[in-house]
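Taking it in order: structure first as structure tokens, then the write-up.
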Amino acid sequence: MIRGVAAVLIGAALSVSVIAAEIPSSERKSGYDLMAREIRAMQDDDTANPGMLSVLDGEALWTRKAGTAGKSCADCHGDAQSSMKGVAARYPAFDAARGRPIDLEQRINICRADQQKATPFAFESKDLLALSAYVGRQSRGMPIDIPDDPRLKPFLEAGRDMFNQRQGQLNLSCAQCHNDNWGQKLAGAVIPQGHANGYPMYRLEWQALGSLQRRLRNCLVGMRAVSYALGAPEYVDLELYLMWRARGMPVETPAVRP
Amino acid sequence: MARALINVPAKAKRGDIIEIKTLISHEMETGFRPDNTGKLLPRDIITDFVCKYNGQEIFRAELYPAISANPFFTFTTVATESGTISFEWSGDNGFSATESAKITVE
Amino acid sequence: MMTSNDDKPYATRRRFLIDAAALAGGVSLALTTVPASATPESMRGAIRKVLGEASAKKGKVKIDLPPLIENGNAVALTVSAESPMTAADHVKAIHVFTEKNPQPNVVSIHLGPRAGRASVSTRIRLADSQKVVAIVQMSDGSFWSDELEVIVTLAACLEGV
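Chains E, B and L, in that order, are what the protein sequence lines are. Whatever position you read off the first sequence (first residue = 1), add 179 for this note's numbering. Whatever position you read off the second sequence (first residue = 1), add 814 for this note's numbering. Whatever position you read off the third sequence (first residue = 1), add 77 for this note's numbering.
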């Protein structure tokens with residue numbers, strides 16, 4: 180299988196343009212626009228969207244007391260529908276204490292450790308995905324809005340560099356597929372522009388809800404490049420860049436994708 | 815208990831055909847997937863789904879491994895009277911889940 | 078770096094991929110335990126179990142599936158049958174089968190006149206490009222059928238292959 184994919188990817192790499200240019204904002208399309216009608220219908224209907232099952236789990240977790248502090252998210256944040264509105268749309272956000280941006284999952288775990296005095300959730304665990312899906316859902320429809328914060332700049336640049344840099348055995352960059360060849364086919368599947376506008380998302384390939392980091396690891400494995408451990412700062416830098424790249428596009432969490 | 819999402823209209827006119835949508839969280843492990851060592855993971859699926867309207871069966875499904883994870887069904891029924899529409903899922907390893915929704919029929 | 082909980086693709090699809098890779102690269106790969114897959118014969122056997130001695134006529138039931146499927150893990154299927162759905166004349170059951178999934182049965186639906194309409198939607202797994210068959214049983218004991226060929230494509234970057 181990998182040989183087959185390698186052959187196709189090498190073919191694609193040979194035929195792509197040398198300069199990887201950013202997609203002009205008028206041409207930006209969500210993965211939603213590139214999917215089949217039936218899968219779009221699955222995302223649009225809250226009672227058909229399998230990601231909503233995780234959102235419901237997250238809603239239950241929101242009010243559950245945890246840790247030695249015996250507090251729930253609701254105890255500090257009240258009703259998520261108002262307090263969390265717009266939050267996911269501006270993550271990853273700069274964390275002054277850590278001097279760098281953190282993503283939503285890290286933010287949730289920081290609250291868990293510092294405020295609830297509970298063990299942080301494992302990355303990609305059912306509970307962490309449920310909470311980030313629930314919080315993300317509260318921003319659905321709102322435009323992604325990474326602020327013009329000078330403190331974010333070096334990390335944004337690091338993420339941009341990673342996106343544009345060739346890597347792995349196939350010597351491909353993210354930009355070559357997702358900026359230059361979006362809309363074309365790779366092994367029978369349409370290449371999306373790769374916007375991080377619907378995470379965590381229900382991917383039919385996974386038959387489960389998963390995070391952006393899971394998806395990035397898939398890509399890196401597919402490209403035969405080194406993938407980092409879950410929670411690595413490289414992923415957060417890349418996510419910051421991807422969210423900046425998708426600025427203005429509406430949040431679709433929980434999205435459904437093939 | 816497994817998480818389920820039900821969509822039943824709260825109100826309907828007598829004689830109307832209403833649409834019911836159900837979604838339940840379940841991995842539907844087929845029994846055909848190998849684990850890391852190549853050994854087949856044992857089957858673990860929902861096998862039966864029954865919907866009753868004030869106790870009378872109006873829809874029943876026998877599920878096989880070919881039903882996707884997080885089984886989803888959309889079906890119809892005639893709104894005959896006010897009451898309770900109940901849902902019951904059962905399957906391998908003693909799996910059991912129930913949900914219900916109220917409907918007002920005028 | 079692969080972790081131990083990477084998902085494995087659906088077993089039959091993996092076999093299809095291994096076969097495809099072997100054809101493409103001329104490489105012989107050791108196969109892990111591979112379950113038997115349905116054949117047109119086993120599908121016919123499963124259909125025969127439903128029909129008994131009767132035969133099914135083409136018509137009155139329609140399968141709705143996208144002709145080109147992006148991912149075989151959750152394919153939207155609707156089966157609908159023409160019927161007044163009265164006590165005297167209604168659809169009693171809808172059975173769906175596939176030719177190449179590891180097992181031929183997909184789902185069996187039991188309805189009655191209270192359904193109002195004989196139309197059911199669900200999401201199914203399709204392991205390969207193949208034929209899907211629906212058999213409908215009417216209250217008068219007659220059987221009707223429809224079949225559809227679909228093409229299933231694969232994701233480009235598969236996890237844990």
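From the three backbone atoms N, C-alpha and C, an ideal C-beta is built for every residue, glycine too.
Here the alpha carbon of Asp224(E) sits roughly 11 Å from the alpha carbon of Leu837(B).
In this structure, Leu225(L) lies away from Gly367(E), with their beta-carbon atoms at least 9 Å apart. For Ala131(L) and Phe220(L), the gap between their C-alpha atoms comes out near 8 Å. At a Cβ-Cβ threshold of 9 Å, Leu154(L) and Ser198(L) count as neighbours. Between Arg316(E) and Thr432(E), the C-beta spacing is below 9 Å. Residue pairing from DSSP places Trp903(B) in a beta bridge opposite Phe863(B), Ala911(B). Val234(E): not part of any beta strand (DSSP E); member of the alpha helix (DSSP H) spanning 230 to 241, first to last residue. Contact between the segment 416 to 425 of chain E and the segment 823 to 843 of chain B is absent: fewer than three C-beta pairs spanning the two stretches fall below 8 Å. Assignment of beta-bridge partners to Ile832(B) by DSSP yields Thr891(B). Taking 9 Å as the upper bound on Cβ-Cβ separation, chain E lies near residues Arg817, Ala818, Leu819, Ile820, Asn821, Lys835, Thr836, Leu837, Ile838, Ser839, Glu841 of the segment 817 to 841 of chain B.
As the crow flies, the alpha-carbon of Ile202(E) is around 51 Å from that of Leu188(L).
Identification of chain B residues near Leu188(L) by a Cβ-Cβ cut-off of 7 Å yields Phe873, ordered along the chain. Residue environment: Gly338(E) is assigned as buried (16 or more neighbouring CB atoms within 10 Å of its CB, all protein chains considered).
If you draw a straight line from the Cα of Ser904(B) to the Cα of Ile228(L), it is about 32 Å long. When CB distances to chain B are screened at a threshold of 8 Å, the residues of the segment 235 to 253 of chain E falling below it are Leu235, Asp236, in chain order.
Taking 9 Å as the cut-off, the beta carbon of Gln386(E) is found closer than this to the beta carbon of Ala883(B). Contacts with chain B at 9 Å (Cβ-Cβ) include Ile201(L). Between Ile124(L) and Val213(L) the beta-carbon gap is near 12 Å, outside 8 Å, which marks them as no contact. The segment 852 to 870 of chain B makes contact with the segment 891 to 901 of chain B, as at least three CB pairs between them are under 8 Å.
Judged by DSSP secondary structure, Leu225(L) falls within the beta strand (DSSP E) whose first and last residues are 220 to 229. Secondary structure at Val919(B): strand, using DSSP grouped into helix, strand and coil. Here Arg202(L) is not near Phe886(B), since their CB atoms are 9 Å or more apart.
Cβ-Cβ distances below 7 Å link Ile881(B) to Met842 in the same chain, with the five nearest sequence neighbours on each side left out; the list follows chain order.
Straight-line measurement puts the Cα of Val156(L) at about 52 Å from the Cα of Asp274(E). Scanning its chain for C-beta atoms nearer than 8 Å, with the 5 sequence neighbours on each side dropped, one finds around Ser160(L) the residues Lys137, Asp166, His167, Val168, Ala195, Met215, in chain order.
With a beta-carbon spacing of about 5 Å, Leu283(E) and Ser311(E) fall inside the 8 Å limit used to define contacts. If you draw a straight line from the Cα of Gly129(L) to the Cα of Ala158(L), it is about 21 Å long. Taking one beta carbon from each stretch, the segment 246 to 260 of chain E and the segment 396 to 414 of chain E have fewer than 3 pairs nearer than 8 Å; the two do not touch. Listed along the chain, the chain E residues whose CB falls inside 8 Å of the CB of Phe909(B) amount to none; the nearest CB is some 16 Å away.
Listed along chain L, the residues sitting closer than 7 Å to Glu217(E) by beta-carbon distance are Pro143, Ala153. Per the coordinates, the alpha-carbon of Ala408(E) lies some 28 Å from the alpha-carbon of Arg319(E). The C-beta of Glu418(E) has 16 or more other C-beta atoms within 10 Å across all chains shown, which makes the residue buried. Nearest to Leu399(E) by alpha-carbon distance, out of Lys208(E), Leu235(E), Ile323(E), Met341(E), is Met341(E). The DSSP-derived three-state label of Gln870(B) is strand. Between Thr894(B) and Glu833(B), the gap from beta carbon to beta carbon reaches 9 Å or more. Looking at the DSSP output, Asp205(L) sits in no beta bridge, so it has no partner there.
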